[in-house]
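Written out below as structure tokens is the structure these notes cover.
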Amino acid sequence: AALGTDPNATAVLNVGGMAQCGPHLPVSTNTLMGMEILGAALRRLPRAITILSLPPTNIGKSIEHIDFPGTIAYQGDTLRLVLRDIARGVAAAHFSKLVLLGSHGGNVGLMDDYFRDLRMDTGLRVYKVNVSSIANPPDLIPAAEAATGLHGGDAGTSLVLHMAPKLVHMDLAEGYVFEPSPDIGFSFKGQDVIEAWITTDLAPNGVIGNPLMSTAAKGALMFDAKVERLAELLQAIYADPRRESAPAQVP
């Protein structure tokens, strides 16, 4: 259907990043993950529905990695303006829905903070999905690594080994791990308190986690699960009707 005639026309923006992910992975790792998973998910969708990918934001809010060469980052205010201008163009092109597909952890807080502003600024229905949060096969990544592998560890390295093995230099792989606290963490992985961190707090080479256990076979399982789930979610977003509310009744 033409954009102007499809009331559910949906645009998907991969909010990626360019960050050093250790000496063994490309600086494009985050955007590569997002676009490969998104592309594969789009190929699974029925041709009759209008869900289109926008070019990604190859640069994101990666200031936590700025001490490592190869990282190019926006400040938060800059990325907000980039997202605002893109969303305005999406609305002007007669889409009705915009999906922010996050594939870099540094963008999560900003997306949480700002996606409602985009709704108010443009009139679009705005949704957010984070690639790292969906369809993680149980027990594939060891529990300790899943709890503390924040950047360039087993999961990320395994995915790139599957998607683009020629870009991975396992002979250079080296990671750093830490003992998690039951109360205070560095991301919401079971703790109620989160401490602000930068990469040099946790890893002198930029890798927070253990890439030495990574395999392309693990990556393939993660990739397929995430693609399948993202395809389901995009179809659900496309079909999502506006909510109808009514006065609550006394039970």
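Yeah, the sequence shown ends on 431 if you go by the numbering used here, and it's all consecutive. Every residue gets a Cβ at the ideal spot worked out from N, C-alpha and C, and that includes glycine.
C-beta contact flag for residue i and residue j at 8 Å
i, j, result
"N390", "G336", "no"
"L205", "G332", "yes"
"A323", "V270", "no"
"L225", "L414", "yes"
"I239", "I252", "yes"
"K406", "V311", "yes"
"K398", "L320", "yes"
"L382", "I374", "no"
"L298", "L259", "no"
"V306", "F295", "yes"
"M402", "L339", "yes"
"P203", "L341", "no"
"C201", "V207", "yes"
"A199", "H245", "yes"
"L222", "I231", "yes"
"I364", "Q371", "yes"
"R264", "D293", "no"
"P360", "A327", "yes"
"N385", "E354", "yes"
"A315", "E408", "yes"
Sheet register partners of residue i (DSSP bridge)
i, result
"V309", "L281"
"H331", "I388"
"L193", "L280"
"G240", "A253"
"M198", "I252"
"I417", "Looking at the DSSP assignment, I417 forms no beta bridge with any residue, so it has no partner."
"I231", "T190"
Beta-carbon separation (whole angstroms), residue i vs residue j, contact threshold 8 Å
i, j, result
"P187", "S242", "In fact, because the Cβ distance is near 36 Å, the residues do not count as touching under 8 Å."
"P249", "T211", "The Cβ separation is near 18 Å, so there is no contact."
"D247", "T380", "5 Å"
>> Would the region 274 to 290 count as touching the region 203 to 217 if we require 3 or more Cβ pairs under 8 Å?
In response: The region 274 to 290 vs the region 203 to 217: in contact.
> Does the region 391 to 400 come close enough to the region 333 to 353 that 3 or more CB-CB pairs lie under 8 Å?
Replying inline: Contact between the region 333 to 353 and the region 391 to 400 is established, with three or more Cβ pairs separated by less than 8 Å.
>> List, from N- to C-terminal side, the alpha helix (DSSP H) runs of 4 residues or more that fit wholly inside the region 322 to 377.
In response: Those alpha helix (DSSP H) runs which fall completely within the region 322 to 377 and span 4+ residues are 323 to 328, 334 to 343.
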